[in-house]
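Residue numbers (my numbering): 248 to 346.
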């Protein structure tokens, strides 16, 4: 694994782990890094969704935690996610928002 791929893998791992923290807030779908939104959308099918006052689709913190747990410990991504497609800055910023 190249150092760039290793950095992307670690950023992804840090982001998913941050979703497991009890302090992880509910958040808008737009706050989820773009590369992961299709996976999250598939996970959320059939679950109750809601919108904030401005109409943005929101995600319950418990659903985010369950999704992250599934990716880390369970089934993993439905299709391999090329690490080169991850926006490391977006992942790191998303992780910092959870802290």
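From the three backbone atoms N, C-alpha and C, an ideal C-beta is built for every residue, glycine too.
Next item on the list: Taking 8 Å as the threshold, find out whether the stretch 285-301 comes into contact with the stretch 251-266 through three or more Cβ pairs.
Entry: no
Checklist line | Own chain residues within Cβ distance below 8 Å of residue 337, not counting five before or after | finding: These residues qualify, in order along the chain: 280 and 281.
Notebook entry, point to check: In whole angstroms, what is the alpha-carbon distance linking residue 273 and residue 309?
Noted result: Taking the straight line joining both Cα atoms gives about 8 Å.
Note to self: Spatial neighbours of residue 335 within its chain, please: C-beta separation below 7 Å, excluding the five flanking residues on both sides.
What the structure shows: 254, 255 and 258
Next item on the list: Could you tell me how far apart the beta carbons of residue 311 and residue 266 are, in whole angstroms, since I believe they sit closer than 8 Å?
Entry: 5 Å
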